[in-house]
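Encoded as structure tokens, the structure appears first; notes follow it.
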DNA sequence: AGCTTCCTCGATCGAGCGTTCGATATAACG
DNA sequence: CGTTATATCGAACGCTCGATCGAGGAAGCT
């Protein structure tokens with residue numbers, strides 16, 4: 001009994017994960033409101049009504065995609081940050097983690113950034129909290145960076161945080177993972193752009209040069 | 212005759228502009244696919260069928276919003292750039308123009324950045340071209356900046372361009388025009404963040420500090 | 001007056017949507 | 001064997017949507 005229940009439990013979870021992956025692709029391609037549950041049923045090879053055994057509504061489906069994906073990003077980030085002392089290195093890890101996750105899971109990340117407004121009520125509230133959690137981690141790192149590098153007050157921390165997320169999240173609008181620029185290099189470009197700026201230290205002969 | 216025709220022509224254009232403004236607000240609030248022509252008819256005080264005298268389809272309505280708005284941004288930018296020699300000043304003008312337009316016309320700009328994928332076929336093609344036109348202007352300015360300031364190759368020009376647009380376009384996701392940060396200051400923050408970076412020149416005592 | 005053009009409207013169509021419901025197959029448990 | 005839980009399905013309901021159509025009103029011209 002215990003074995004079979006466990007078995008069906010994992011099988012259930014596996015099928016759910018598969019449905020979420022396919023749904024993320026469809027939502028990413030056609031947009032949440034323009035995508036139909038029937039699209040999902042066709043691509044998943046399941047009947048329309050059979051899908052509702054795995055989620056209660058289309059909106060819950062959208063929420064599960066966003067919640068699980070962002071949670072993965074956040075836990076992966078916290079794991080990588082363990083034991084790191086340098087503030088700048090923390091920031092570098094954050095950018096690489098974010099951009100890396102983006103390129104590996106483009107569909108889900110696109111749904112997160114593009115279909116956030118499609119959530120309402122309780123789902124919206126819970127997702128807002130999770131986003132704040134992530135944003136706070138980033139902002140605290142920026143605070144450390146500013147303290148330990150005597151970085152000037154170029155911009156308020158919240159503006160800088162939003163600018164950084166803008167740079168990173170906008171990737172979905174132009175970047176294709178199989179392009180000339182590998183992901184690691186793209187992440188490094190964005191990291192250096194944000195920390196050192198486009199003009200950088202080249203104008204004065206003091207010669208700081210990242211990495 | 213000529214007078215009355217001109218009169219009705221401007222009245223026609225005025226009503227169309229008013230419809231586009233209201234539609235932009237609705238699309239911005241509910242999203243393109245979730246907003247209905249009936250919503251527009253209610254808020255505009257016109258009958259449902261009467262609206263179709265001013266546009267052929269819902270998608271053409273979306274296109275007109277995006278096309279007219281982005282065209283305004285582009286022509287305003289080119290006008291402001293006339294006679295400016297300094298590359299950095301050109302970049303500064305671009306950022307201020309873009310951010311300024313964003314805050315003054317939040318709904319339409321949000322529709323441009325958020326509902327670009329909702330266009331298809333011919334409309335999509337024409338909008339893609341216009342976006343490229345705008346992006347090219349920006350990229351050329353960045354090329355000038357890099358040449359005339361001996362800025363290092365922190366990132367490829369297209370990556371830098373996309374990063375800059377990411378910073379600027381992401382505004383719609385967090386900024387509210389009536390907040391603590393005035394628009395001009397926000398634009399200046401983003402300009403300095405992009406050119407000089409978050410850490411900036413503070414680490415080395417050479418002391419460059421943007422104007 | 002008659003004619004034409006611009007503009008607006010109510011009524012309606014056909015299609016697609018999310019969701020529900022009852023039936024059914026399978027398999028493990030008593 | 002009977003019972004129960006798990007999982008899947010076809011058919012249908014109720015609703016909203018974008019778009020169309022023909023009828024009209026208002027205003028200017030001949």
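Residue numbers (the numbering used here), protein chains in the order written: chain A, 1 to 211; chain B, 212 to 422.
Cβ atoms here follow ideal geometry from the backbone N, Cα and C, with glycine treated the same way.
Fair warning: this is a prediction, and the values are worked out from it, not measured in the lab.
DSSP three-state label for residue i, please.
| i | result |
| --- | --- |
| residue 418(B) | For residue 418(B), the pLDDT reaches just 35, beneath the cut-off of 50, and the residue's location in the model is therefore unreliable, although a value from the coordinates is still provided. Reduced to three states, the DSSP call for residue 418(B) is coil. |
| residue 267(B) | coil |
| residue 410(B) | coil |
| residue 331(B) | coil |
| residue 387(B) | coil |
| residue 47(A) | coil |
| residue 32(A) | coil |
| residue 136(A) | helix |
| residue 97(A) | helix |
| residue 88(A) | helix |
| residue 82(A) | coil |
| residue 67(A) | helix |
| residue 145(A) | helix |
| residue 326(B) | coil |
| residue 169(A) | helix |
| residue 153(A) | coil |
| residue 370(B) | helix |
| residue 181(A) | coil |
Hey, residue i and residue j: beta-carbon distance below 8 Å or not?
| i | j | result |
| --- | --- | --- |
| residue 316(B) | residue 291(B) | no |
| residue 385(B) | residue 162(A) | yes |
| residue 92(A) | residue 191(A) | yes |
| residue 134(A) | residue 70(A) | yes |
| residue 312(B) | residue 284(B) | yes |
| residue 199(A) | residue 356(B) | yes |
| residue 434(B) | residue 189(A) | This structure cannot speak to residue 434(B), because chain B is shown only from 212 to 422. |
| residue 195(A) | residue 408(B) | yes |
| residue 33(A) | residue 244(B) | yes |
| residue 187(A) | residue 99(A) | yes |
| residue 123(A) | residue 27(A) | no |
| residue 381(B) | residue 169(A) | yes |
| residue 257(B) | residue 299(B) | no |
Under 8 Å Cβ to Cβ from residue i, same chain only, skipping five residues before and after it: list those, please.
| i | result |
| --- | --- |
| residue 51(A) | 19, 37, 40, 41 and 44 |
| residue 404(B) | 378 |
| residue 353(B) | 302, 368, 371, 372 and 375 |
| residue 138(A) | 94, 161, 164 and 165 |
| residue 120(A) | 59 |
| residue 337(B) | 274 and 278 |
| residue 22(A) | 40, 43 and 44 |
| residue 343(B) | none |
Tell me which residues share the same chain as residue i and place their Cβ nearer than 6 Å to its Cβ, disregarding the 5 neighbours each side in the sequence.
| i | result |
| --- | --- |
| residue 209(A) | Reliability fails at residue 209(A), whose pLDDT of 38 lies under 50, so the model's placement of it is uncertain and the value that follows must be treated cautiously. Once the five neighbours on either side are set aside, residue 209(A) has no close Cβ partner at all. |
| residue 235(B) | 276, 318, 319 and 322 |
| residue 130(A) | 70 |
| residue 82(A) | none |
| residue 140(A) | none |
| residue 103(A) | 177 and 183 |
| residue 279(B) | none |
| residue 417(B) | For residue 417(B), the predicted model reports a pLDDT of 36, less than 50, meaning its position is unreliable; a value from the coordinates is still stated below. Excluding sequence neighbours, residue 417(B) sits near nothing in its chain. |
| residue 16(A) | 54 |
For residue i, I'd like the list of residues in its chain whose CB is within less than 7 Å of its CB, leaving aside the five on either flank, ordered along the chain.
| i | result |
| --- | --- |
| residue 58(A) | 37 |
| residue 272(B) | 234 and 266 |
Proximal residues, the region 11–45 of chain A versus chain B, C-beta separation under 7 Å:
31, 33 and 34
Against chain A: residues of the region 300–323 of chain B by CB proximity under 9 Å:
302
Under 7 Å (Cβ pairs) to chain B, residues found in the region 127–138 of chain A
none
Between the region 390–412 of chain B and chain A, which residues of the former have CB atoms less than 8 Å from a CB of the latter, in chain order?
392, 397, 400, 401, 403, 404, 405, 406, 407, 408, 409, 410, 411 and 412
Using a beta-carbon distance cut-off of less than 7 Å, what residues from the region 158–182 of chain A approach chain B?
159, 160, 162, 163, 165, 166, 167, 169, 170, 174 and 181
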